[in-house]
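Numbering (the numbering used here), first residue to last: 38 to 455. Here the structure is laid out as structure tokens; the discussion comes afterwards.
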């Protein structure tokens, strides 16, 4: 074998969609409560006969009301205010014949209350901003109601944004699910060369998508990740790639790109178990950042005795890749194209590659250079003792059929690459 033997964990690089809107809504709610001198402020949404609590600002009253609470609509003031059965502003709830008999009036208790609808651009009621206080407040006036409407408008703009994001997310989910269901993808295979022997020792499997609109693979992975479907997509691709592994000679390894998200998914090991994975290389991608390497190592630990090797991709491209090298204790380090490009004229790149090569020797970790495009780069890498390589100079990604032909040609008669 060409590779040496070896022996809540994630964070997203960006906030989830709508996170900033939530912050603005919560700030507007807090400002409304303070400005009006109330103890409790919340935003709710009426659905059929229920009132769903979405946001709450109620210091000291958290046990009474929290996001996610659902109450019967006929027990809450905001429904009656929306239906104009009670005034939108009640300085003293005990003075109105409907509210003074409601259970909630005495349970909290409710002294003062106001409610204003949150409207979409089309005038649809998409929520209700409500404030209440256990003590009656006769100083509340229509002017305070106007102030509440101002904060409701701020919240409404953000709720609209969240609704738009939710609609877009639903469309993205359908699109990614359709790609998976219809198998609108394929694989191309880029050869991995043993520089010393001049033979191919494996292929990296690279996904290509045929779904419309035509886009690069990175965009598909980013979209899948944005709606929590990255593991679903990657697992489908892994199954597709492994289905053809037996068509290659037993000494040939297949390398697949897998994100930490998928590695930590309970379905990951179950997906691999149906295939011969004794010559599989798993390349850890940086689609999400890793914060707990131990969790990822633990998830991969059962695969080592089965022959699976672990590779760190894009080494030298930044601080994250160096963290991967230290944190993952990989079998293979893949040097990023940014280190290889123009290597023959860059003493800094040569020094970095020499350092990583020394690290590899001391940790029993193989080194592979990615993105080799010129004879000069190849010669410089060989002089530095880099063992393995891939890149357009050595072979572009090709179809399965062409990969088999290339393998027969290259390994049938050893030659010096390139």
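In this text, a Cβ means the ideal position worked out from N, Cα and C, and glycines have one as well.
Next on the checklist: Taking 6 Å as the limit between beta carbons, can you name the residues of its chain near residue 222, skipping five residues before and five after?
Outcome noted: 244 and 246
Next on the checklist: Can you check whether the C-beta of residue 378 is within less than 9 Å of a C-beta belonging to chain D?
Outcome noted: Included in the structure is just one protein chain, with no chain D present.
Checklist entry - Are the beta-carbon atoms of residue 79 and residue 166 separated by less than 9 Å? => result yes
Checklist entry - Do you know offhand how far residue 345's Cα is from residue 209's? => result 33 Å
Next on the checklist: Measuring alpha carbon to alpha carbon, tell me which residue in 254, 415 and 423 is nearest residue 430.
Outcome noted: 415
Checklist entry - Whose CA, out of 169, 375, 200 and 292, lies closest to the CA of residue 101? => result 169
Checklist entry - Beta carbon of residue 376, beta carbon of residue 290: below 9 Å? => result no
Checklist entry - Which class does residue 39 belong to by DSSP, given the choice of helix, strand or coil? => result Bear in mind that the predicted position of residue 39 carries a pLDDT of just 40, short of 50, making it unreliable; the figure below should be weighed with that in mind. Residue 39 falls in the coil class under three-state DSSP.
Checklist entry - Can you list, in chain order, the residues of its chain whose CB lies under 7 Å from that of residue 242, leaving out five sequence neighbours each side? => result 224, 226, 278, 291, 292 and 293
Checklist entry - Nearest-angstrom Cα distance between residue 340 and residue 349? => result 16 Å
Checklist entry - Any contact of the region 246-266 with the region 306-320, i.e. 3+ C-beta pairs under 8 Å? => result no
Item to check | Contact belief for residue 381 with residue 231 at Cβ below 8 Å, rounded distance in angstroms | outcome: That pair is no contact at about 21 Å.
Item to check | Residue environment, residue 398, which counts as buried when at least 16 other CB atoms sit within 10 Å | outcome: exposed
Checklist entry - Span of the alpha helix (DSSP H) holding residue 197? => result 179-219
Next on the checklist: If you measure between the beta carbons of residue 367 and residue 321, is that distance less than 9 Å?
Outcome noted: yes
Checklist entry - Between the region 117-129 and the region 91-109, do at least 3 Cβ pairs fall closer than 8 Å? => result no
Next on the checklist: Three Cβ pairs or more, each shorter than 8 Å: is that satisfied between the region 172-186 and the region 130-150?
Outcome noted: yes
Next on the checklist: I need the straight-line Cα distance from residue 412 to residue 200, nearest angstrom please.
Outcome noted: 54 Å
Checklist entry - What are the boundary residues of the beta strand (DSSP E) that residue 93 is part of? => result 87-94
Checklist entry - Three or more beta-carbon pairs under 8 Å between the region 389-408 and the region 326-343, yes or no? => result no
Item to check | Cβ-Cβ separation, residue 192 to residue 73 (assumed contact under 8 Å), whole Å | outcome: 14 Å between Cβ atoms; not a contact.
Item to check | Alpha-carbon to alpha-carbon, residue 295 and residue 258 | outcome: 11 Å
Checklist entry - Do you know how far the Cα of residue 326 is from the Cα of residue 297? => result 8 Å
Checklist entry - Bridge partners of residue 371, per DSSP? => result 405
Checklist entry - Just curious, the alpha helix (DSSP H) that residue 62 is in, first and last residue? => result 56-73
Checklist entry - Beta-carbon separation of residue 406 and residue 427 under 9 Å? => result yes
Next on the checklist: So if DSSP puts residue 152 in a beta bridge, which residue, or which two residues, is it bridged to?
Outcome noted: 167
Next on the checklist: Quick check: the Cα distance between residue 188 and residue 117, rounded to an integer number of angstroms?
Outcome noted: 21 Å
Checklist entry - The beta strand (DSSP E) with residue 516 in it runs from where to where? => result Because the chain here runs from 38 to 455, residue 516 falls outside it and cannot be looked at.
Checklist entry - According to the Cβ coordinates, are residue 369 and residue 404 closer than 9 Å? => result yes
Checklist entry - In whole angstroms, what separates the C-alpha of residue 299 from that of residue 318? => result 15 Å
Item to check | residue 112 vs residue 67 beta-carbon contact at 9 Å | outcome: no
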